[in-house]
Amino acid sequence: MSTQDISRHLHQPGKRYASARMQQGRVILDSDFNERAAAEAEDLGRSLIDVMCSRGSPNDGMKVSIEEEPASYDFELANGSYYIGGRRFVVEAPAMTPETFATQTDWLHIDTDGGIPTVPEADQVDMVYVLAWEQTVSAVEDAELREAALGGRDTSGRVRRMRRFQVETVLEEAPGVDYDCADAFQTVVDGLESGGKGTFDATTAEFLSSARLTVAFVEVEEPEDPCAAPVAEPGYVGPQNQAIRIELRGSSQFVWGFDNASPLYRVKLTVEEPESAADFKGLTFITKPESLPAMVREGQVVEILRWGAILPNGEKVAEPMGMLTTAASTYDPTTETLTLTDQIPEAWFDWFGLPSSEDYLSPTDPDGDEKYFYLRVWDRGEEVEEDPLLATDETTTLGKTGLTVSFTGVGMPGDHWVIAGRPSTPERVVPWDLLTSAAPHGPRRFYAPLAMITWTQIDETTVHAAAEDCRTRLRQLCEGGCAKVTVGDGKQSHGMVNSLADAIDLVETSGGKIHLLPGVHEVGEEGVVLSGANNIEIEGCGPSTILKNVPPSTPSSVALEYYPPVLKIVDCTNISVHNLRIDAYSAYGVLVTRTDGGTCKQIRLRGLEVLCMGKVVITGGDPPPTLELPESGIAIAAASEVDVIECAVTMAPVASISFAVLLGGEHIRMHRCEVRAAKDQADMRPAPGGIAVLSTSRDVEIIGCHIEGGWGHGIGLGHVVWVNRTEEAVSRHESIQAALDKKPLGFLQNVEGGEQQETDGCGDPADQPGGGQDDPAYVLLPGGPVEDVRIYDNVIREMGYSGISTTIFLWRFIDWENDGNPDGAPRFIVAAELDIARNLIELNVQNRNIVPAAFQGYELGVGGIVLAASVNAWIHENTIRNNGVWGSDVPMCGVGMVAAMNAVIEDNQIHGNGREHDGGPSRLPGLRGGIAIYEATSVRASGGKLTFPVQISTTTVPGTYRSYATVDGGLAVTVRGNEVSQPLGKALWVRRWVWGGRGHREHARGVWGSGGCGVAGGGDAVEAGFQWHHDAGADGFGGDRRFRDGDGRGSRPGARACAGVVRYRGGSGEWRRDLVQWEYLQIGVAGARGACDWSGAVEPRHGDVHLEHAACGHGHSLWVAGV
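Residue numbers (the numbering used here): 60 to 1182.
Quick look at the structure:
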């Protein structure tokens, strides 16, 4: 490396000088120019660090790529720029000949320096990093700088940014060790700092040397003779203005010289083919000394420098340091030769003959002058010393200058200082801080990680290499669109920031795009919270981008206490999260919610893969049990305009009570998603899986989803909440938050004493709660209705309970009013304006732990589609088959409805729901049948509110958004176009009831048949409400085979009836609404064998059952043709 021929070095950033300005009539010095350039460069560098931090690349600059099985230790470095310490360093190689580690242009002697490792034979981790610095280039090195008009003299030097790529092994023979880029680079930093050489400043990427230099003056003794001439004061006594260079070499030595050691010459071996040691001492000067004083004298210290870097024009830049020796002779101007005391290493000359070195020879050099070295002169005036190096551990006098130097600290080889001595001010040197203690003036060294290469032993002869990019990436400001922040994980990838929380801080107020790079992005203990933000997009790189929480080292032993959500979006507008994976351990993967009075809307989740994990270990108490239950992967609560598109939520096979997905709010779309959980087994209760539409939600779509596995429902409608009986009302916000924060959603309920008991989803009549929460003042009530729900084109299979169902059914024997008397009426979660179409619902009700006795009532049910209370439900074009076939005696239905207002069931395929049974007395009564409706009425409302019982006298819960003030009456139920085959129970079983005019209900005594509810038998008289025709040639009816026309009396069908219709009439004999108590319709009997054709029509009248054009085949099948 050449050094500048300068008068002084005075670069002092602490003074905050930004530049220098000329003044009229003054002499211009080199220091004015140089210090101005240094001040401006420093200001720019610090500004760049402020903007882009200590390092970063806006492109692929210096990106490492390596072959999987390289023949030698080499890799490519991509073209581009890398900003390090506020300075721009580049790789610019022709596309056909990319720069590689072994052929890097700024370290030509990497091979002879031993800088290329060998390919390892075992597991190993290497860190690739860059050492960057700035270096002066003179006209001796780059002859193109000379100005021919000035006679070929040089004028100024140039500053070149150098970068040298190095490799250090940081881990050996440690397969499977979790080692990342930060760990690997820290190992490099530890090596740099070892021995007290200095410290690495990560904020600037600069290595700060620990060496300090102090300049003092030689003490002058007073003469004993009082008549002697006075003696000068101590100080610089040199006759010339000098810039004295002090430079460290090795660990404890230094070299010094005048003129900043700037004299530099090109030299070559005098003998072209050297053989003896003497041949390596003789030099011929290619660059001639310009004057007699410039000629090297015997005994002067000189330094031989090799080529360090090649320039695009073929010229070569000298190495920063070389071989120090002395001149054994004085330069001979006639032969232009000089002899050294020590020989040049033979390997240095042999390097020119290497095949890889021939490309560096320049065709612009004269013949015979292509192979050369550089010679630098360390002029010390009249001082001639045998050893060019001096010790740093003692104070040293610098020749006859009157100056001494002493060192503290260790420092690095190459650290240097420039002492400006002036005879006019002998008592001072410049910079002034040299008199106290000064840090090195240079070089300024910067380090940055590039890649981590992991070597993996495959077999005895094969080792594979893989490079992980460790560079920090920067976003170009000229990129289109809004602000974009890249986020690395600090290990596999590096972005503008290395945490999602930091990225959110950058865009939360103004909006922008956050790009999560590949890697495992771990969130803090509180997760990542996006609060009150607008217009933010968070995008990953697919499954390779993983956002996850890390549980505490001490597991939780408290059930139903979860960790904070991995990502929480609260009170935000226009937020998009897509194309990444979320691993949620006992926590919500994504929670979208609002505070009371807040707004959260326009949220889009797309292409997310969410894994819901947890751990449950039951112990005897020591150590405590681990109760870290998986939580919902995606939870939408009290938000509006939410899209969940093409997401996949998977629940690990760990016990849980949470649905995989919660949808709560309004205007919610869930399209083309997958929801999976482990299948329910007799010896294991995994997670519920499925989707829950929370109470008070409206305008919800679930379309084109695949829902499979788990012990719960495929789609659950509504939830229940604990309500204080003394509260006058429960707000929608309170209701929805109870579903998220307090549990339960219906599968676990608090019973006496607050103990958690399993109720198998629908509740055991002996265990249903009246009070709870350890306080009888609390009661379990519906959280509110679900409204305008559309469920289309989904596959729902292999769930533990029903395919689509009200989440929980509340039993009528509960003491709702807490007065010691059960009310005798259930409380319903209402589904209003429900549209269920084109779904495949099969192989559900696989819960092996289900309690059949819990379903022996008509206020709850299980099967394909089961609803507690519904208004204007339209169930059409679904395939519902083979649900509940595993062997339970639980009453099963294809479509079951406890209380339905204006239900329409048409064009469905309903087959084989429930197992076949001989129908004996062990068969439990309950909601059973292909289509089974316990109470069917037209739409009835009071004061615009539905008349379903959902609350108690002291407390109200939210009702529907829609008012039913102008809607009253219409059909009770329409069944048409269905194909039904039912192993046990009626193919169609409908019971109609209306409110009596006297404000009460009366039950029509007597059940059609003596064999139990819904079983044909006996001979009760009925009124035929429509014309009936039966083919007399067909078997299957006993007794009178015809109903009489109109209202004529006739005998009921026999015990083997294929179809039967019953209408009960009030005592007046008229069809008066205020007296009609029940309408009861049964079609199909299990086990019947025969054939019949029948058709019937009912004039649509207020509240009637609408049945059209039905036909029954053999066995217990029923086919209902469409109108």
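For each residue, glycine too, the CB sits at the ideal point set by N, CA and C.
If you look at residue 933, you'll find it in the beta strand (DSSP E) that goes 933-935. Taking the C-beta atoms as reference points, residue 997 is found nearer than 8 Å to residue 960. Annotation note: the segment 695-734 contains the following uninterrupted beta strand (DSSP E) runs of length 3 or greater, listed N- to C-terminal: 707-710, 720-730. Note that the segment 393-404 does not touch the segment 145-158; fewer than 3 beta-carbon pairs, one per stretch, sit closer than 8 Å. Judged by DSSP in its simplified three-state form, residue 245 adopts helix.
For the 8 Å CB-CB criterion, residue 669 and residue 628 do not form a contact.
Of the residues assessed, residue 253 falls on the exposed side of the cut-off, its CB having fewer than 16 other CB atoms within 10 angstroms.
The secondary-structure analysis by DSSP pairs residue 736 across a beta bridge with 710.
Out of 66, 448, 97, 462, the CA that lies nearest to the CA of residue 321 is found in 66. Residue 108 sits in a helix when the DSSP states are folded into three classes.
Residue 146 is bridged by DSSP to 143. Contact check for residue 855 against residue 888 fails: the beta carbons are separated by 8 Å or more. Rounded to whole angstroms, the separation of the alpha carbons of residue 362 and residue 411 is 19 Å.
In this structure, the alpha-carbon of residue 417 lies about 22 Å from that of residue 130. Of the candidates 523, 550, 505, 164, 164 places its Cα closest to the Cα of residue 374. Beta-bridge pairing by DSSP links residue 508 to 188.
When the five nearest sequence neighbours on each side are left out, the beta carbons in the same chain lying within less than 6 Å of the beta carbon of residue 931 are those of 892, 961, in order along the chain. In this structure residue 702 is in contact with residue 728, their Cβ atoms being roughly 5 Å apart against a cut-off of 8 Å.
Here DSSP, grouped into helix, strand and coil, assigns residue 414 to helix.
Taken through DSSP and simplified to helix, strand or coil, residue 983 comes out as coil. Assignment of residue 793 by DSSP, reduced to helix, strand and coil, places it in the helix class.
Nearest to residue 547 by alpha-carbon distance, out of 912, 523, 599, is 599. Between residue 692 and residue 736, the beta carbon gap of about 10 Å keeps them out of contact (Cβ cut-off 8 Å).
In the three-state reduction of the DSSP assignment, residue 87 falls in the coil class.
The shortest C-alpha to C-alpha distance from residue 420 to any of 444, 376, 449 is the one to 376. Each of 975, 1031, 897, 710 was checked against the Cα of residue 956, and the nearest Cα belongs to 1031. For residue 563, the enclosing alpha helix (DSSP H) starts and ends at 559-566. Taking each of 79, 108, 220 in turn and checking the Cα distance to residue 94, the smallest one comes out for 79. In this model, residue 898 and residue 781 are separated by some 33 Å (Cα to Cα). In the three-state reduction of the DSSP assignment, residue 575 falls in the strand class. When the Cα atoms are used, residue 869 and residue 922 turn out to be separated by approximately 17 Å. The closest CA to that of residue 721, considering only 712, 678, 772, is found on 772. According to the DSSP assignment, residue 407 belongs to the alpha helix (DSSP H) that extends over 405-409.
Taking residue 301 as reference, the option from 250, 380, 438 with the minimal CA-CA separation is 438.
If you draw a 10 Å sphere on the C-beta of residue 764, you find 16 or more other C-beta atoms in it, and that means buried. The Cβ-Cβ distance between residue 501 and residue 295 does not fall below 8 Å.
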